[in-house]
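Engineer:
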Amino acid sequence: MTRTLRWLLDAEEAVAHATGDTVRILANSDTTALRDLVAQNPVANAYVQSILDTGRRAGPIGGFARGIFLGIFDTHHQDRLVAACWAGANIVPVTTSEESGAYFGQALLALEEHFGSIFGPQPAVEGIWEVLRSGRQAARDLRKNQPFMTITHPSQIPSNPHVRLATEADYDAVLPASVAMFTEELGYSPLADGSNGYRLRVRQLISKGHTMIESSDHAVIFKADFGIVTDQAIQIQGVWIAPEARGQGRAAPAMAAVVNRALELAPVVCLYVNDYNTAAIRTYQRVGFDTVDRFATVLF
């Protein structure tokens, strides 16, 4: 028996025992059911949809390091998936149910793995965390109320004509802006571990045409990424303005340019923001975003 198969059998047994057979690790045969569930809310579920868009099926393709899908099925219709959860470096529920979240929390606790974050619809994240908080990891930050905002039409405010797609030639200017954004948002540098993973991520976003910037004198003034891209939605991430350019009314026209470009690629543009970032919320509202849901994030 291979090490991967042994891990999977042990993990399946642990999940079933911890949840009274309510949660199970999904198999490839559950792929259609998983896709149907994600499609019920393709905007909120854009992160998981982006995983499926790579050709990934529902079943494991290795140990936990390569991620698994957990699922809860209708007790009366065993082929109907009612809730799911991606579990890998990040935990991402595909449900708005706090009760389902709690079951996923029990399953995750039984797996005894380490995670980088939990994020998604607020009730489900709260359900997961209420259980998982008794596990081996302490939360570094809890962001319990994050407005999830969408826009489906070009912004009505004039866009900044100087905001453009970044090119490979911009990489050396984009990287420090991206690092500054990440460090401000999460409290540590993404380069601190010495790996090249973050640098590669920045390069990939640029090469795909998913980073927009305004630059001056070989420095980035404004940056935003199309962090998640599917046929149904684009999620904007990594929004950043250079400190010396803040408070000058740049944000809304720059975001308008980002939104207008994103809407050429998908019918809905979305993002989520910390509730205490009132300046950003006002900017997004001015651009034309509406709050349609609430997300939450737990950072480890």
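Using the numbering used here, the letters of the sequence shown correspond one by one to residues 154 to 453. The C-beta atom is built at its ideal place from N, Cα and C for all residues, glycine as well.
1. Give every residue of the same chain whose Cβ lies closer than 8 Å to the Cβ of histidine 306, excluding the five residues on either side of it in the sequence, and list them in chain order.
2. Count the other CB atoms within 10 Å of the CB of glycine 208; is the residue buried (16 or more) or exposed (fewer)?
3. Considering only the beta carbon of each residue, do alanine 167 and serine 312 sit closer than 8 Å?
4. Please say whether phenylalanine 222 and asparagine 243 have beta carbons closer to each other than 8 Å?
5. Would you call the stretch 385-400 and the stretch 261-278 touching, i.e. three or more CB-CB distances under 8 Å?
6. Among Thr303, Gly280, Ala186, Ala386, which one has its Cα closest to the Cα of phenylalanine 257?
7. Spell out the partners DSSP gives proline 369 in its beta bridges.
8. What separation, rounded to the nearest whole angstrom, lies between the Cα atoms of leucine 358 and glycine 173?
9. Quick one: what's tyrosine 425 bridged to in DSSP?
10. Distance, Cα to Cα, alanine 263 vs alanine 211?
11. Taking all protein chains shown into account, decide if asparagine 198 is buried (16 or more other Cβ within 10 angstroms of its Cβ) or exposed.
12. Quick one: using the 10 Å Cβ neighbour count with 16 as the cut-off for buried, is threonine 383 buried or exposed?
13. What does the alpha-carbon distance come out to for the pair alanine 169 and threonine 228?
14. In the DSSP assignment, the beta strand (DSSP E) including proline 246 goes from what residue to what residue?
15. Could you say which of Leu162, Ala171, Val196 lies nearest to alanine 180 if we only look at CA atoms?
Structural biologist: In short:
1. Leu416, Gly441
2. exposed
3. Cβ distance not < 8 Å, so alanine 167 and serine 312 don't count as in contact.
4. no
5. No, the stretch 385-400 does not touch the stretch 261-278.
6. Among Thr303, Gly280, Ala186, Ala386, the Cα nearest to that of phenylalanine 257 belongs to Gly280.
7. Residue identity check: residue 369 is serine in the sequence provided, not proline. Serine 369 pairs with Ala372.
8. 42 Å
9. Phe301.
10. 20 Å
11. buried
12. buried
13. Roughly 15 Å separates the two Cα atoms.
14. 243-247
15. Leu162
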